[in-house]
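So the protein lines, in turn, are chains A and B.
Residue 141 in the working numbering sits at position 151 of the first sequence, and the numbers go up by one each step.
In the working numbering, each residue carries its 1-based index in the second sequence increased by 913.
Quick reminder that beta carbons are idealized off the backbone N, C-alpha and C, glycines included.
Structure, as structure tokens:
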Amino acid sequence: MSGSVYYCGRPVAELSGRESAAAIGYVMQNPEQQIVTDKVWHELAFGLENLGTPRDVIARRIAETASWLGIGELYDRSAAELSGGQKQLVNLAAVLVMQPELLILDEPTAQLDPIAASGFMNAVGRLNREHGMTILMVEHRLEEAVPMCSRLMVMDGGRLIYSGEPGSVIRQLGSRPEIMCGMPAAARLSAVLGSDTDNAPVPLTVREGRELVGRYRNDVKKLPDNGYSYQIPDTPALEMKDVYFRYSRSSPDVLRGVGLSVGVGEIFCILGGNGSGKTTTLMAAAGLIKPYSGVIRVFGRKLKEYKNQSLYRNCLAMLPQDVQTVFLRNTVREELDDAGIKPEELPFDLTGLLDMHPYDLSGGEQQLAALAKVLAQKPGILLLDEPTKGLDAAAKLRISGVIRDLKKSGMTVIAVTHDVEFAAGLADRCALFFAGEAVFSGTPHEFFPENSFYTTAAVRITRGQFTGAVTVDEAAELCRINGLKAAGNGGGA
Amino acid sequence: MEGRRVRSFSEYDPAVTAVYFAAVMGLAMFSNSPAITLLSLCGALLYFFSLNGTSGGRFHLFAFLLFIILAAVNPLVSHNGTTVLLVVNDRPITLEALIYGLCSSVLITGTLYWLRCFTQIMTTDKLLRVTGFLSPKLSLVLSMAVRFVPLFGRQWQKINNAQRAMGLYREDNAIDGARGSLRVFSVLVTWALENGITTADSMEARGCGVSRRTSFHKFRLRHGDYILLAAELILFAGAASAAAAGAFDFSCYPSVTMAERDWRTYTGAAAYGLLVLLPVIIDMEARIRWSLLKPTGLALSIPERKNMP
């Protein structure tokens, strides 16, 4: 390793432990593992205790920081009972009490659901806008981060390839689709439309995207129907009827009459907020929890009829949210041997990773390695819990491709996800869960254009102008068909 | 009385509470006098009832069985003493051994009830406050341990579920179950080590070890805490000095002997009796004052409700 790192003109190595701890705040990716103590108040005090700060000063700093971030009501709680988003805000507060000058954030929202991620990004944005704090953030969830930042740096293969004001960097990224695919939807739309908009500033937010779409005519509102309509397969792979579940006798129902039917060979995405019962439904389908009422059938047979763990042999397999719980061995090769599958039998390529420790892989690679292990069971139904959590846009596209290949080989895939864009691009059908039941299900084109909040950025950008444009490509297609408004006529809403 | 905060015994500063339990249990354990242990048991029972009301039946059953067993076992195994009551299997059952057994039963069940009350009112926050007095480092280690143990349990469940749904368990039988559990445990250890590295980074980034730690806590010693502490210490000193002067001396073997009762015995017993009753008295006072306060509170809350849309 060579080179040098300076903080405020001084080499970092020369800073005392006290200076670097107080002046440079660091928040990492995993909300759970950064927390040191068991109670929120103690976690907030931890850094200042280390510096030997007197009790009264600690009390005051905690009070003002917690009030500013709006986490005052968490003060007395156990860290264990917080949601992921709350944990991450506590981690941020635990750093802010030390009054840092520089905040370093390492993918702070990768493990959070979209609502919690928004909340966190909001807090970070306020720190920068209202307090002028310097923030260095590594992130690949970019829809909100890019419009907020004053400088965007793009790294590839250990080198800094672009650096500058977000709009100009995005313009240069046109030739790098694998990086461009992670940029905000408005920017991607503008890039796809390309030459039409070269002189205008690059739109970054949905609002700016709407202005861009507003410059196009809307004589053709809908993409031409190709005469194809989706048919739900006749044979069901998984059926759930009136499924009720609660964790203990006195606790409230988590599942309140879930009913859904997924056909053989479908890709079915379950969407919904935290606590809506998505993951619990998946666990019930996998036989990991026992509903107190209702029927679950897998390939026409009730779950109870699968004796002696036979459900998990050549029938059904589940990939959990935390893929680290999947690995048992020291290398990927041993994992695959253990599971009884050869690398060349896989529908994707793991050859470069075979001799690495599973924990040392990137998020996307871990997901693929874990998927390989699960596929060794040759399941007919594959259950995925948040398969895109913590992945960058390119890795998400790769996972989507793999899942499509699996579908071609006849597999039924049921995925629980927060990721609206991922579901829109992949699913045959989507279901929205709320308060323990499936509220609606339909194809992405029935589902997303009807929603005004829980929907893709492309739908939000084209609302009122076009209908049925779920992805950026569809929105761009519609813009091209319609063409720009005549000059002088533009800008009208 | 105006201006003093109404609080129950459990709401006093944890240090005051900890000193109290140490004094009550310590004295009962070091003086083996039946008078003291009996007072300790009565006080513990009263406070337990005042905390739990009529619930806690299981614990009572457990304590009762323990009491009977302990009292019964001693005369069966110890044959010292001069007064033989009956002979079983050529072995004498003596009155002295019976009394000794009863005394230790009273002591142990009393201590058990005190400990139960202690764990009920000393939450982890309060324990940390007390250990923080002794050493801020110890307090941190405890806090981390308190967090880590349930975390470990939850991760076990997660890994077990993940592995089950991937076909780790081949059959529904005990051998296969044990084999699977062993592998789950090995994943858990790997995870814990990995998790530890992140936690260590997070601690280092926040300056762990750069200087002497202070110990933050949410408590503030108030006037009332000092008064209670003083009362505890005075009563303890009264009872302990009597015990030290031999006023409660008691021995079972070879025959039951008791110290002469003089003024020390009575004042010592009175001091200890008052000491064990302190929590109940304080809680009772708080309860009465709350019930006197209630009407005003209600009157205030009614117009507020009406204003709500």
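In DSSP terms, what residue i is bridged to
| i | result |
| --- | --- |
| residue -4 (chain A) | A:1 |
| residue 258 (chain A) | A:404, A:419 |
| residue 1005 (chain B) | B:1000 |
| residue 229 (chain A) | A:251, A:287 |
| residue 153 (chain A) | A:143 |
| residue 246 (chain A) | A:234 |
| residue 449 (chain A) | The partner list for residue 449 (chain A) (beta bridge, DSSP) is empty, contrary to what the question assumes. |
| residue 206 (chain A) | A:474 |
| residue 126 (chain A) | A:94 |
| residue 428 (chain A) | A:423 |
| residue 15 (chain A) | A:93 |
| residue 1085 (chain B) | According to DSSP, which records beta bridges pairwise, residue 1085 (chain B) is partnered with nothing at all. |
| residue 308 (chain A) | A:373 |
| residue 1170 (chain B) | B:1164 |
| residue 68 (chain A) | A:29 |
| residue 292 (chain A) | A:287 |
Other residues of its chain near residue i: CB distance less than 6 Å, five sequence neighbours each side excluded
| i | result |
| --- | --- |
| residue 11 (chain A) | none |
| residue 39 (chain A) | none |
| residue 154 (chain A) | none |
| residue 332 (chain A) | none |
Listed by chain order, chain A residues near residue i by CB distance under 7 Å
| i | result |
| --- | --- |
| residue 1085 (chain B) | 298, 299 |
| residue 1043 (chain B) | Under the 7 Å cutoff, chain A gives no residues; its nearest Cβ is about 14 Å from residue 1043 (chain B). |
| residue 1115 (chain B) | 18, 24, 26 |
Check whether residue i and residue j have beta carbons under 8 Å apart
| i | j | result |
| --- | --- | --- |
| residue 302 (chain A) | residue 1079 (chain B) | yes |
| residue 268 (chain A) | residue 443 (chain A) | no |
| residue 305 (chain A) | residue 288 (chain A) | yes |
| residue 351 (chain A) | residue 343 (chain A) | yes |
| residue 1027 (chain B) | residue 942 (chain B) | no |
| residue 1192 (chain B) | residue 922 (chain B) | yes |
| residue 414 (chain A) | residue 446 (chain A) | yes |
| residue 96 (chain A) | residue 24 (chain A) | no |
| residue 956 (chain B) | residue 985 (chain B) | no |
| residue 432 (chain A) | residue 419 (chain A) | yes |
| residue 311 (chain A) | residue 376 (chain A) | yes |
| residue 79 (chain A) | residue 113 (chain A) | yes |
| residue 1022 (chain B) | residue 1007 (chain B) | no |
| residue 448 (chain A) | residue 461 (chain A) | yes |
| residue 174 (chain A) | residue 144 (chain A) | no |
Contacts of residue i in chain A (Cβ-Cβ under 8 Å)
| i | result |
| --- | --- |
| residue 1072 (chain B) | 315 |
| residue 1096 (chain B) | 318 |
| residue 1104 (chain B) | 314, 315 |
Same chain, Cβ closer than 8 Å to residue i, neighbours up to 5 away in sequence not counted
| i | result |
| --- | --- |
| residue 394 (chain A) | 257, 416 |
| residue 1156 (chain B) | 940, 943, 944, 946, 949, 1181 |
| residue 410 (chain A) | 104, 261, 438, 444, 445, 446 |
Beta-carbon contacts of residue i that lie in its chain and below 7 Å, excluding the five residues immediately before and after
| i | result |
| --- | --- |
| residue 68 (chain A) | 28, 29 |
| residue 483 (chain A) | Its pLDDT being 40, under 50, residue 483 (chain A) is placed unreliably in this model, and the coordinates cannot settle the point. |
| residue 964 (chain B) | 1030, 1033 |
Per-residue contacts from residue i into chain B (C-beta, under 7 Å)
| i | result |
| --- | --- |
| residue 48 (chain A) | 1129 |
| residue 20 (chain A) | 1111 |
| residue 16 (chain A) | 1118 |
| residue 170 (chain A) | Ordered by position in chain B, no residue passes the 7 Å Cβ test against residue 170 (chain A), which lies about 32 Å from the chain. |
Chain A residues whose Cβ lies nearer than 9 Å to that of residue i
| i | result |
| --- | --- |
| residue 1107 (chain B) | 23, 314, 349 |
| residue 1124 (chain B) | 7, 8, 40, 41, 42 |
| residue 1100 (chain B) | 314, 315, 316, 317, 318 |
Closer than 9 Å at the beta carbon, the chain B residues around residue i
| i | result |
| --- | --- |
| residue 85 (chain A) | 1118, 1119 |
| residue 43 (chain A) | 1127, 1129 |
| residue 303 (chain A) | 1080, 1083 |
8 Å Cβ cut-off: residues of chain B touching residue i
| i | result |
| --- | --- |
| residue 367 (chain A) | 1079, 1080 |
| residue 310 (chain A) | 1071, 1074, 1075, 1078 |
| residue 364 (chain A) | 1079 |
| residue 278 (chain A) | 1074, 1077, 1078 |
| residue 12 (chain A) | 1120 |
| residue 307 (chain A) | 1078, 1079, 1080 |
| residue 88 (chain A) | 1119, 1120 |
For this session: Closer than 9 Å, Cβ to Cβ, to anything on chain A: give me those residues from the region 1025 to 1040 of chain B, in chain order.
Result: Hits within the stretch, in order: 1037, 1038.
Exercise. According to a CB-to-CB cut-off of less than 8 Å, which residues of the region 26 to 38 of chain A neighbour chain B?
Worked result: Residues of the region 26 to 38 of chain A that bring their beta carbon within less than 8 Å of a beta carbon in chain B comprise 26, 27, 28, 29, 31, 32, 35, 36, 37, 38, in sequence order.
Exercise. Relative to chain A, which residues along the region 1050 to 1064 of chain B have a C-beta separation below 8 Å, given in chain order?
Worked result: The region 1050 to 1064 of chain B vs chain A, Cβ under 8 Å: 1053, 1056, 1057, 1059, 1060, 1063, 1064.
Problem set entry | Within 9 Å of chain B by C-beta, residues of the region 54 to 84 of chain A in sequence order | In summary, the residues of the region 54 to 84 of chain A whose CB is separated from some CB of chain B by less than 9 Å are 65, 66, 68, 69, 70, 81, 84, in the order they occur in the chain.
For this session: Check distances from the C-beta atoms of the region 237 to 251 of chain A to those of chain B and list, in chain order, the residues that come in under 7 Å.
Result: Residues of the region 237 to 251 of chain A that bring their beta carbon within less than 7 Å of a beta carbon in chain B are absent altogether.
Exercise. For the region 202 to 230 of chain A, which residues have a CB atom closer than 9 Å to at least one CB atom of chain B, in sequence order?
Worked result: Residues of the region 202 to 230 of chain A with a C-beta less than 9 Å from any C-beta of chain B: none at all.
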